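So the structure is just underneath, and the comments pick up after that.
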């Protein structure tokens, strides 16, 4: 079933098959909200991505625009959601900014070195914080790749596209 068929079925289900009470754009918004809700709750679209590149002495990086969250279904095993170095050779321990500030009083001014922890700064765009910032020596030795295990947002549903979830045939959850 393609998106046009789903949209028409939704209109019929709502007894608005001629789109009088709500426009097609409104129904597409409902479909997109439902798609985002399902992906976030079921964690059914996940990927590993290496689109972030480490920069020496830099601790904050923009997350990919399709990032929703890190998987939570493996709650006892959060290490590995973020790994740094070629082929993700160094998994980082998760933390949050409050714990980081309590454990490392001057974490923003700390010397660069071997990355050990990561946190998310929830703002627009979402920021990945890596502590300590990687040193030049560390990057030269280990590589500058950042590997993310993430739940991602699929492309927005449009009337003339084929299927929801960016036509993914590998939904998990």
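Numbering (the working numbering), first residue to last: 32 to 204.
All residues carry an ideal CB built from backbone N, CA and C; glycine is no exception.
Bear in mind that the values here come from a model prediction, so they are computed numbers and not experimental data.
What residues match up with residue i in a beta bridge as DSSP calls it?
i: residue 21; result: Coverage of the chain is limited to positions 32 through 204, which leaves residue 21 absent and any answer about it impossible.
i: residue 77; result: 182
i: residue 98; result: 183
What did DSSP end up calling residue i once you bin it into helix, strand or coil?
i: residue 116; result: coil
i: residue 64; result: helix
i: residue 49; result: coil
i: residue 202; result: coil
Do residue j and residue i come within 8 Å of each other at the CB atom, strictly closer than that value?
i: residue 132; j: residue 121; result: no
i: residue 158; j: residue 88; result: no
i: residue 55; j: residue 190; result: yes
i: residue 188; j: residue 41; result: no
i: residue 194; j: residue 33; result: yes
i: residue 179; j: residue 76; result: no
i: residue 146; j: residue 165; result: yes
i: residue 126; j: residue 150; result: yes
i: residue 74; j: residue 103; result: yes
i: residue 99; j: residue 71; result: yes
i: residue 162; j: residue 78; result: no
i: residue 160; j: residue 91; result: yes
Between which two residues does the beta strand (DSSP E) carrying residue i extend?
i: residue 93; result: 91-93
Just to confirm the assignment, what range does the alpha helix (DSSP H) spanning residue i have?
i: residue 36; result: 34-44
Could you tell me if the beta carbon of residue i falls within a distance shorter than 7 Å of some heavy atom in the ligand COA?
i: residue 138; result: This structure simply doesn't include the ligand COA, nor any ligand for that matter.
Does residue i come within less than 8 Å of chain B when only Cβ atoms are used?
i: residue 32; result: Of the chains in the structure shown, none is chain B; there is only one protein chain.
Legend entry - Start-end ranges of the alpha helix (DSSP H) lying completely within the stretch 117-197, minimum 4 residues: 128-134 and 167-173
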